[in-house]
Amino acid sequence: MTAQDKEHFRDSIGTITEDGKRNTIYPKKPKGKFTNYRTYVSWFLLLQLIIAPFIKVNGNQFILLDVMERKFNIFGQPFWPQDFHLLVLSMLIGIVFIILFTVIFGRIFCGWMCPQTIFMEMVFRKIEYWIEGDRPKQIRLDKQPWNAEKIRKKGFKWFVFFLISFIISNVFLAYFISSDVLLQYITDNPLNHVGILIKLLVFTMVFFFVFAWFREQVCIIVCPYGRLQGVLLDKKSIVVAYDHKRGEDENGRKKFRKNEDRAELGHGDCIDCNQCVVVCPTGIDIRNGTQLECVNCTACIDACDEVMVKTGYEPGLIRYASEDDITEGKKFKFDARIKAYSVVLAILVTVLVTLLFLRTDIEATILRLPGQMFSTTEDAVSNVYTFKLINKTVKDLDNVEIKLISHNGEVKMVGGNSKVSNGGLTEGTLFIEIEKKDLTSSKEKLKLGIYADGELIETTSTNFPGPMQIKK
Ligand code: SF4
Ligand code: SF4
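Converting from the sequence shown to the working numbering requires adding 1084 to each position, the first position being numbered 1.
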């Protein structure tokens, strides 16, 4: 192999051929310790993903992201557009956490937690192995002409893929329109909801396209997180890595020969069996070093460990390790960059917890009715307002009353005290009347209290205009 051939991986990607066509990857079915752990983790995460929109906490959907109705529930807690700053802060925390996590553990998220990898490798790929068989059978099937066997296997696979894509679309929809509305649509005549049905089918086709054809290219070409690796990873980051010192030694890798003393010949432990390459779902050779295509799926660790055990060598030729660990034997250190990210993360989390703690149960907005002047009697001034009350709690507030705190005076709510259901909004009109003797200016600042069953739960303020000449 020439030096140019060896460096070829740098200017090409495994999923595209020389002439720019799609190069289908046929990864060998992985098996081993890490594959088993990843399978258990994926079952757990898939279960979470599927049931989360159907779990209720005090009547609130566990996770709801209803953008159209502007209703958001996180862990059963309702959040309103007025809480948008909390959402932004949570997202910032998420980003800093992912950066910190990546700096330390590389792309571990991609291999173990990313929905794309979980659906691709743990759902769709497993179905493919079940219907079409392992790598050699898949290659053979794709090469053979369209006969009865190929039509049957491909047709059945695509049917199952479409069905699962449709189920995934329904689950995703439940996150955005709520599971109650979704179940109502499902039980109703579909012709009454043609619009939503079309959207559902569009999403289904997108999922089908991604998992049936586009596949690992999402991670290689589309995902922005994947593109960030170049700036986030350094020599201290723990990634799936090939121990090139041990694998190559002085004279490089070499095919295995029984009873040969490789150490004496100066060859490393890599027997050049190619097993780590054929299991790779992104079609790379990890022996070329850390590459942007690697999603840290651990399939090559399992494949190589199996080879090492069979040939009598220590497992771990490919393992979770940093470049510093492999080349200099340096173990993980909590360096300045990690400390800085940790401090930022701790500050953001503290601010979020404080804001959540200070978040009021009720959001009250009291504004003067547009275009309305104040009215006066001999002794008093009166103004008319609109009020909006948002109940952010998970319980109904049956007896909500608004009272003046800063002045003596009277608040008359049209229709009496209000009822605000949990997560609900109540609007109405009220009059505020204050005796002239209690006013000091023509634009008084009022402080009002919101009471539920006689208990003060929130305060708010509003302006109270009056005549220029206030009688003292
Ligand atoms: S599986 Fe291990 S021994 Fe085989 S080629 Fe890969 S690194 Fe070398
Ligand atoms: S190189 Fe190994 S860990 Fe990376 S994607 Fe390929 S098989 Fe998975």
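Glycine residues also receive a C-beta, built at the ideal position from the N, C-alpha and C atoms.
Quick one: grab the DSSP three-state call for residue i.
{"i": "residue 1152", "result": "coil"}
{"i": "residue 1368", "result": "coil"}
{"i": "residue 1142", "result": "coil"}
{"i": "residue 1395", "result": "helix"}
{"i": "residue 1249", "result": "helix"}
{"i": "residue 1193", "result": "helix"}
{"i": "residue 1299", "result": "coil"}
{"i": "residue 1458", "result": "coil"}
{"i": "residue 1523", "result": "coil"}
{"i": "residue 1317", "result": "coil"}
{"i": "residue 1109", "result": "coil"}
{"i": "residue 1551", "result": "coil"}
{"i": "residue 1512", "result": "strand"}
{"i": "residue 1311", "result": "helix"}
{"i": "residue 1482", "result": "strand"}
{"i": "residue 1337", "result": "coil"}
{"i": "residue 1363", "result": "coil"}
{"i": "residue 1161", "result": "strand"}
{"i": "residue 1096", "result": "coil"}
{"i": "residue 1102", "result": "coil"}
{"i": "residue 1219", "result": "helix"}
{"i": "residue 1538", "result": "coil"}
{"i": "residue 1418", "result": "coil"}
{"i": "residue 1403", "result": "strand"}
{"i": "residue 1209", "result": "helix"}
Apart from the five residues on each side of it in sequence, which residues of its chain come closer than 8 Å, Cβ to Cβ, to residue i?
{"i": "residue 1240", "result": "1215"}
{"i": "residue 1429", "result": "1177, 1180, 1181, 1184"}
{"i": "residue 1170", "result": "1163, 1436, 1439, 1440, 1443"}
{"i": "residue 1331", "result": "1337, 1352, 1353, 1354, 1371, 1401"}
{"i": "residue 1274", "result": "1281"}
{"i": "residue 1233", "result": "1225"}
{"i": "residue 1547", "result": "1452, 1527, 1528, 1529, 1530"}
{"i": "residue 1463", "result": "1519, 1520, 1521"}
{"i": "residue 1559", "result": "The structure shown has nothing for residue 1559, since the chain only spans 1085 to 1556."}
Can you grab the Cα-Cα spacing for the pair residue i / residue j, in whole Å?
{"i": "residue 1337", "j": "residue 1225", "result": "33 Å"}
{"i": "residue 1290", "j": "residue 1305", "result": "16 Å"}
{"i": "residue 1248", "j": "residue 1156", "result": "27 Å"}
{"i": "residue 1555", "j": "residue 1535", "result": "Confidence is the limiting factor: at residue 1555 the pLDDT is only 49, short of 50, which leaves the residue's position unreliable and the question unanswerable from this model."}
{"i": "residue 1504", "j": "residue 1456", "result": "27 Å"}
{"i": "residue 1525", "j": "residue 1497", "result": "24 Å"}
{"i": "residue 1446", "j": "residue 1484", "result": "10 Å"}
{"i": "residue 1375", "j": "residue 1350", "result": "27 Å"}
{"i": "residue 1540", "j": "residue 1319", "result": "57 Å"}
{"i": "residue 1278", "j": "residue 1099", "result": "38 Å"}
{"i": "residue 1481", "j": "residue 1256", "result": "32 Å"}
{"i": "residue 1325", "j": "residue 1123", "result": "21 Å"}
{"i": "residue 1501", "j": "residue 1473", "result": "12 Å"}
{"i": "residue 1339", "j": "residue 1357", "result": "7 Å"}
{"i": "residue 1399", "j": "residue 1328", "result": "14 Å"}
{"i": "residue 1405", "j": "residue 1316", "result": "16 Å"}
{"i": "residue 1361", "j": "residue 1369", "result": "5 Å"}
{"i": "residue 1161", "j": "residue 1134", "result": "19 Å"}
{"i": "residue 1386", "j": "residue 1118", "result": "6 Å"}
{"i": "residue 1262", "j": "residue 1151", "result": "11 Å"}
{"i": "residue 1116", "j": "residue 1403", "result": "13 Å"}
{"i": "residue 1475", "j": "residue 1166", "result": "12 Å"}
{"i": "residue 1272", "j": "residue 1470", "result": "39 Å"}
Leaving aside the five residues before and after residue i along the sequence, list all residues of the same chain whose C-beta is less than 7 Å from its C-beta, in chain order.
{"i": "residue 1415", "result": "1409"}
{"i": "residue 1432", "result": "1173, 1176, 1177, 1180"}
{"i": "residue 1333", "result": "1350, 1351, 1352"}
{"i": "residue 1205", "result": "1365, 1381"}
{"i": "residue 1550", "result": "1458, 1465, 1523, 1526, 1528"}
{"i": "residue 1131", "result": "none"}
Starting from the C-beta of residue i, find all residues in its chain whose C-beta is less than 6 Å away, skip the five residues before and the five after it, and write them out in chain order.
{"i": "residue 1510", "result": "1473, 1502, 1504"}
{"i": "residue 1533", "result": "1487, 1489, 1540, 1543"}
{"i": "residue 1229", "result": "none"}
{"i": "residue 1244", "result": "1211"}
{"i": "residue 1284", "result": "1253"}
{"i": "residue 1258", "result": "1137, 1266"}
Taking CB distances under 9 Å as the criterion, tell me whether residue i reaches chain D.
{"i": "residue 1199", "result": "No chain D is part of this structure, which consists of one protein chain only."}
Quiz item: Using 8 Å as the Cβ pair cut-off and three pairs as the minimum, do the region 1187 to 1203 and the region 1412 to 1427 touch?
Solution: yes
Quiz item: How about the region 1388 to 1399 and the region 1138 to 1154: do they share at least three Cβ pairs that are nearer than 8 Å?
Solution: no
Quiz item: Would you say the region 1106 to 1125 touches the region 1204 to 1222, given that touching needs at least three Cβ pairs under 8 Å?
Solution: Enough Cβ pairs lie closer than 8 Å, so yes.
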